[in-house]
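Below: one structure, written as structure tokens.
In our numbering, the protein residues as written are 71 to 197.
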């Protein structure tokens, strides 16, 4: 390894660590916002607020969950992939990934033991 390569590698490692810290902090902030939004949703449900207000909160919570999953993608690049296999509907995962890229997935369900987050990420990159 040349000295220039060693410096480049060191800089990339530093960048990776800094990125992970930023992602960690952002995910904590998103979780705080989600906690507050969940509190509001429960309060709105008990107060019989208009359905459109409850729908807006549901969309906000879904968006926060999606953003957290996307940030987790950055974290996955920093360490070896660990599959967390569990029972999942592969058709649903494929359909959600396909819909996010304007594709179609119309086959019956493929049930089995899968890591839904890793597959969703992989399918999004393939489409």
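Each residue gets a CB set at the ideal place from its N, CA and C atoms; glycine is no exception.
Which residue comes first and which comes last in the beta strand (DSSP E) that contains residue 156?
-> If you number the chain shown from 1, residue 156 lands on position 86. Annotation for residue 156: the continuous beta strand (DSSP E) segment containing it runs 156–159.
So who's on the other strand from residue 184, going by DSSP bridges?
-> The residue given as residue 184 occupies position 114 in the chain shown. According to DSSP, which records beta bridges pairwise, residue 184 is partnered with 156.
Between the CA atoms of residue 93 and residue 193 - distance to the nearest angstrom = Here residue 193 corresponds to residue number 123 of the chain shown, with the count starting at 1. Here residue 93 corresponds to residue number 23 of the chain shown, with the count starting at 1. In this structure, the CA atom of residue 193 is about 23 Å from the CA atom of residue 93.
DSSP state of residue 173 mapped onto helix, strand, coil | Residue mapping note: residue 173 aligns to position 103 of the chain shown, counting from 1. Any answer about residue 173 is weak, because its pLDDT of 49 lies below 50 and its placement is not dependable; what the coordinates show is given next. DSSP places residue 173 in the coil class of the three-state scheme, outside both helix and strand.
Just curious, the alpha helix (DSSP H) that residue 119 is in, first and last residue?
-> As a working note, residue 119 is residue 49 in the chain shown. Unbroken run through residue 119: none, as it is neither H nor E.
Quick one: residues in its chain with C-beta nearer than 6 Å to the C-beta of residue 107, no 5 flanking neighbours on either side, listed in chain order?
-> One-based indexing of the chain shown puts residue 107 at position 37. So the list reads 127, 130 and 131, once near-sequence residues are dropped.
Taking just the CA atoms, how far does residue 120 sit from residue 91?
-> What you label residue 91 is simply residue 21 of the chain shown in a count that begins at 1. What you label residue 120 is simply residue 50 of the chain shown in a count that begins at 1. Each residue's alpha carbon lies about 39 Å from the other.
On a CA-only basis, which of 185, 105 and 190 is nearest residue 164? Give me that one, please.
-> Along the chain shown, read from residue 1 onward, the residue named residue 164 stands at position 94. With respect to the C-alpha of residue 164, the residue from 185, 105 and 190 having the closest C-alpha is 190.
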